[in-house]
Structures are given as C-alpha cells and as structure tokens.
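*Asks:*
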Ligand code: G3I
C-alpha cells in the first residue's frame with residue numbers, strides 16, 4: 011500500500027513538473043487560452059523548429075497553404091496537398107488549426123484579380139471557393155479567417171476585386187456562406203494595425219456591431235499584431251477591449267515584434283517588456299481566446315524579406331534559442347489573468363496532453379484509497395480545464 015502511494019506521489023511530481031515546465035501551451039492552457047505558432051511547410055522540415063512547435067504550441071495556422079492562390083489556382087480546380095500536410099502535422103502533434111484565409115485581396119490567382127467579373131459572377135466564384143475549401147476541411151479546424159484585411163488604415167473599405175464588384179456585401183455573403191458550410195468552426199474577421207484605438211479599429215467595431223445586428227455570423231475578431239519594439243500603443247489593450255465588448259471572441263493572430271537590426275541587449279530587453287505587455291493584455295481580457303506568433307523563430311520570419319533592415323521579431327532566435335522575449339511571454343502567462351469566457355477554444359490539444367497524464371495517474375492510484383483518487387482527478391481537471 012505504502013509502495014503504491016509513493017508511486018502515485020512520484021507520478022504526481024512528474025505531472026506537476028511537466029505542467030510547471032515552461033511550455034507556453036501548458037501555461038496558456040492553465041489560463042483557458044491557447045498559445046499558437048504559425049508555420050509554412052519548410053518550417054516543419056527543420057527538426058529544431060518542429061521541436062519548438064511540439065513543445066510550445068497548441069494552435070497553428072498555415073502561413074500560406076490555405077490561401078486562394080494555393081488552394082484554387084485555376085477556376086474550380088482545387089489543390090489541398092500542402093494544406094493537408096499542415097493539418098496532418100498538427101493532428102499528429104495534438105495541435106488545433108486556424109484556417110487562413112478565405113477572402114483576401116492578396117495572394118489571389120490571376121484569374122481572380124484579372125477576371126472579367128460582375129456582381130453575380132464574382133459572388134458565385136467567391137461562394138464556390140468558400141464552399142469547396144471549407145467542405146474539404148469540414149470538422150478539422152477550430153477557426154477560419156473568413157475575411158482578411160478588408161480595411162484601409164483610415165477605416166474605409168479597402169479597394170479590392172471583391173469590394174469593387176460586390177461592394178461591402180461581400181463580407182456578409184462570405185460569413186453567411188461559411189456558417190452554412192461548417193457550423194462547427196468559429197468565423198473570424200482578421201486585420202492588422204488594430205493595435206490602438208485608431209480609425210481602423212473603430213471601423214472594425216462599427217462594422218462587426220452592424221453586421222452582427224443583422225444576423226451575420228461573425229464569431230471573432232483577429233488582431234494580427236505585427237508590432238514594433240518600443241512602439242506598443244498605450245491604447246493597445248483598450249482596442250482589444252472594444253472588440254471584446256461586442257461579445258465576440260478576440261485573438262492575437264499573427265504576433266511578432268520587430269526591431270531595426272542589429273539586435274542589441276537594450277532592444278531585446280525592450281522586446282521582452284513588449285511581449286509581456288501584449289500577451290498579458292490577452293490574458294486579462296475574458297473574451298481573448300489566445301495568442302499566436304507568426305513563425306516560431308527568427309530563422310523563418312517573414313519580416314526581413316518585407317521590411318529591409320528589420321527582424322529579430324520572434325521569441326526564438328535564428329538558432330532556435332530562447333530570447334528575452336520568451337521570458338516576457340512566460341511572465342505574462344504566469345501573471346494576472348481574467349477567467350476565460352471561452353475556455354474550450356483551442357485548448358483541446360494541451361488538454362489532450364493533460365488527459366493522457368490524467369489517465370496514467372488515475373490508473374495507478376486506482377488501487378490506493380478513494381481519497382487519493384478523488385484528489386488526483388481534481389488536480390488533473392483543474393489543469394486541463396481551469
Ligand atoms: O510560392 C512561391 C514560390 O513558388 C516561389 O518559388 C517563392 C520564391 O520567393 O515564392 C513563393 O511565394 C512566397 C509565399 O510567401 C509562399 O512561400 C512569396 O514570395 C512570399 O512573399 C509569401 O510571403 C507570405 C506573405 O504572407 C505574402 O503576403 C508570408 O510567407 C506569410 O507569412 C505572409 O503572411 C501574411 C498573412 O497571411 C496576413 N497578414 C500579414 C502576414 C505577413 O505578410
């Protein structure tokens with residue numbers, strides 16, 4: 011009996027050390043949120059990067075593989091190879107997936123951008139795209155970015171092939187179509203520069219409020235959060251709060267915080283503070299469901315290719331080593347939080363891991379006293395479902 015009890019205690023110790031380890035997904039899960047990391051296929055051909063994904067991530071997003079140019083390069087001809095590989099990797103590693111993205115002005119094939127459209131024909135092409143892509147992934151994803159980057163920075167509707175031929179109605183048509191195809195997935199509108207109470211985030215609030223009052227099924231607002239070291243707005247959290255006040259889910263979907271290269275200790279320390287502030291903002295807003303970084307390491311970040319002379323934007327460096335920013339994230343995940351309003355979103359993967367631990371512990375203590383068993387179950391449940 012004594013021996014069995016010590017085994018149980020030893021297993022509990024292992025279980026607790028696993029949870030107290032600095033795995034970002036477990037720390038986030040303990041707060042009812044997910045921690046995500048995006049990847050392109052090349053990033054999972056690198057073992058060090060795969061290890062980071064496995065250790066820290068309960069949510070992922072394919073950086074490119076589900077975009078229109080990748081999935082429907084020719085009219086009504088669908089290609090899902092790379093996207094399927096992404097989902098397979100995620101499934102194999104207990105990670106859930108955000109779909110990205112169905113309707114976006116960028117990374118469109120030329121038959122869409124250069125097509126001779128009218129309202130009716132483009133609406134048909136758009137709804138067909140949404141239907142076929144979502145049907146393929148039906149039941150396999152937790153979020154879809156249905157519409158991406160529809161606003162200019164001044165809050166007006168961006169000129170795109172969709173706004174040009176369909177008008178603002180493309181947004182509501184897209185969301186209504188998406189809901190019909192897969193009612194199980196949460197539907198997001200996603201954009202960048204929503205990082206303060208600026209004209210663009212105000213336009214987002216107004217649009218989502220108006221469309222939801224008309225019954226358009228928008229479940230969440232994604233704030234990409236491509237940020238600059240030392241430049242986090244004092245109204246960053248207020249902007250997220252304004253989204254949350256609509257009753258929708260809120261997520262930081264593509265977080266990175268870039269700096270002018272070369273990196274210095276001072277910049278890296280500032281980046282640590284910035285990551286802590288941003289992640290903490292999510293943890294202290296009930297409707298904020300999680301945070302995802304846009305690639306794990308500086309090795310694969312999109313930043314240097316687009317912003318010349320800038321980079322070092324992620325919590326792991328080019329050699330996949332933790333930077334000060336990692337400590338900033340851990341501090342935020344261990345710090346103050348508000349009870350999650352949507353605690354089941356995206357925590358499935360991390361909860362799954364805990365359930366494995368839970369089963370092991372429960373099986374072992376079965377032969378000991380009822381009291382020990384009850385205690386153990388409660389502990390496991392507390393960690394999996396706070
Ligand atoms: O597919 C071609 C390939 O055939 C060619 O050989 C190669 C040569 O450079 O380019 C490949 O295309 C690249 C594509 O990613 C797929 O890897 C493009 O050059 C490259 O510009 C493109 O960058 C992506 C970018 O979106 C394009 O807009 C980034 O990887 C991706 O991280 C980035 O993600 C966006 C989000 O979707 C929306 N929010 C902003 C974010 C950053 O731009």
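In my numbering, the protein residues as written are 11 to 396. Beta carbons are placed, not taken as given, at the ideal position from N, Cα and C, and that holds for glycine. What you are looking at is a predicted structure, and each value in this text was computed from that prediction instead of being measured.
State the start and end residues of the unbroken alpha helix (DSSP H) segment that holds residue 127.
*Replies:* Looking at the DSSP string, residue 127 is not in any alpha helix (DSSP H), and its letter there is neither H nor E.
*Asks:* Determine the closest residue to residue 258 out of 295, 240, 340, 234, with distance taken between C-alpha atoms.
*Replies:* Looking at the Cα atoms, 295 is the closest of the given residues.
*Asks:* Is residue 312 near the ligand G3I - that is, is its Cβ less than 6 Å away from at least one heavy atom of it?
*Replies:* It does: the Cβ of residue 312 is within 6 Å (strictly closer) of some heavy atom of the ligand G3I.
*Asks:* Grab me the residues of residue 84's own chain with a C-beta within less than 8 Å of its C-beta, minus the 5 sequence neighbours each way, in chain order.
*Replies:* Excluding positions up to five away in sequence, the list reads 119, 121.
*Asks:* Would you check if there are 3 or more beta carbon pairs closer than 8 Å linking the stretch 328 to 348 to the stretch 46 to 55?
*Replies:* The stretch 328 to 348 is not in contact with the stretch 46 to 55.
*Asks:* Going by DSSP in three states, residue 160 sits in which element: helix, strand or coil?
*Replies:* Coil.
*Asks:* Thinking just about the alpha-carbon of each residue, which of 95, 109, 239, 80 is nearest to the one in residue 116?
*Replies:* Minimum Cα distance to residue 116 is reached at 80.
*Asks:* Consult DSSP for residue 168 and reduce its assignment to one of helix, strand or coil.
*Replies:* Coil at residue 168, not helix or strand.
*Asks:* Only counting the same chain, and skipping five residues up and downstream in sequence, which positions put a Cβ closer than 6 Å to that of residue 160?
*Replies:* Excluding residues within five positions, the ones whose Cβ falls inside 6 Å are 168.
*Asks:* Is residue 1 close to the ligand G3I? I mean its beta-carbon at under 6 Å from any heavy atom of the ligand.
*Replies:* As shown, the chain starts at 11 and ends at 396. That puts residue 1 outside it, with no answer to give.
*Asks:* Can you check which of these residues, 113, 272, 335, is closest to residue 8 by C-alpha distance?
*Replies:* In the structure displayed, the chain extends from 11 to 396; residue 8 sits before or after that span and is not available.
*Asks:* Please work out which residues of its chain come closer than 8 Å, Cβ to Cβ, to residue 230, disregarding the five sequence neighbours upstream and downstream, and give them in chain order.
*Replies:* Cβ neighbours of residue 230 beyond the five flanking positions: 153, 196, 197, 198, 199, 258, 259, 260, 261, 299.
*Asks:* If you pair each beta-carbon of the stretch 185 to 195 with each one of the stretch 142 to 153, do three or more pairs fall below 8 Å?
*Replies:* Enough Cβ pairs lie closer than 8 Å, so yes.
*Asks:* Can you tell me whether DSSP reads residue 323 as helix, strand or coil?
*Replies:* It is coil, neither helix nor strand.
*Asks:* Considering only C-alpha positions, which residue in the set 77, 328, 142, 104 is nearest to residue 110?
*Replies:* Residue 110 has its Cα closest to that of 77, out of 77, 328, 142, 104.
*Asks:* By how many angstroms is the C-alpha of residue 187 removed from the C-alpha of residue 54?
*Replies:* Near 32 Å, if we compare the C-alpha coordinates of residue 187 and residue 54.
*Asks:* Out of 283, 304, 216, state which residue places its alpha-carbon closest to the alpha-carbon of residue 253.
*Replies:* Comparing Cα positions, the closest option is 216.
*Asks:* Which runs of the alpha helix (DSSP H), 4 residues or longer, sit entirely within the stretch 72 to 103?
*Replies:* Counting only runs of 4 or more, we get 78 to 81, 91 to 102.
*Asks:* Nearest to residue 239 by CA position, among 162, 330, 321, is which residue?
*Replies:* Minimum Cα distance to residue 239 is reached at 321.
*Asks:* Would the stretch 97 to 108 and the stretch 125 to 143 be scored as touching if the rule is three or more Cβ pairs under 8 Å?
*Replies:* With the cut-off at 8 Å, the stretch 97 to 108 and the stretch 125 to 143 do not touch.
*Asks:* Touching or not, the stretch 120 to 134 and the stretch 86 to 95, by the rule of three or more beta carbon pairs under 8 Å?
*Replies:* The answer is no - the stretch 86 to 95 does not touch the stretch 120 to 134, with fewer than three Cβ pairs under 8 Å.
*Asks:* Compute every distance between the C-beta of residue 116 and the non-hydrogen atoms of the ligand G3I, then say whether any falls below 6 Å.
*Replies:* Residue 116 Cβ: within cutoff of the ligand G3I.
*Asks:* Can you find the residues in the same chain that come closer than 6 Å, C-beta to C-beta, to residue 158, ignoring five residues on each side of it along the sequence?
*Replies:* Closer than 6 Å at the Cβ level, and outside the excluded window around residue 158, lie 111, 114, 200.
*Asks:* What are the boundary residues of the alpha helix (DSSP H) that residue 185 is part of?
*Replies:* Taken as a continuous stretch (DSSP letters only), the alpha helix (DSSP H) holding residue 185 covers 179 to 191.
*Asks:* Would residue 39 and residue 66 qualify as a contact pair, given that the criterion is a beta-carbon distance under 7 Å?
*Replies:* No; because the gap between Cβ atoms is not below 7 Å, this pair is not in contact.
*Asks:* In whole angstroms, give me the CA-to-CA distance for residue 362 and residue 280.
*Replies:* Model confidence at residue 362 stands at a pLDDT of 44, short of 50, so the residue's coordinates are unreliable and nothing is read from them.
*Asks:* Could you check what DSSP says for residue 138 in three-state terms: helix, strand or coil?
*Replies:* Here residue 138 sits in helix by DSSP.
*Asks:* Whole angstroms is fine: what's the gap from residue 278's alpha carbon to residue 325's?
*Replies:* Their Cα atoms are separated by approximately 10 Å.
*Asks:* Which complete beta strand (DSSP E) runs does the stretch 239 to 326 hold, if anything under 3 residues is left out?
*Replies:* Segments of the beta strand (DSSP E) lying fully in the stretch 239 to 326: 259 to 270, 298 to 303.
*Asks:* Please check the pair residue 265 and residue 301, which I expect to be a contact at CB under 8 Å, by giving their CB distance rounded to whole angstroms.
*Replies:* Contact holds; Cβ gap of about 6 Å.
*Asks:* State yes or no: is the C-beta of residue 317 within less than 7 Å of the C-beta of residue 58?
*Replies:* Going by C-beta atoms, residue 317 is not nearer than 7 Å to residue 58.
*Asks:* Looking at residue 204 and residue 211, is the spacing between their C-beta atoms short of 7 Å?
*Replies:* Yes; because the gap between Cβ atoms is below 7 Å, this pair is in contact.
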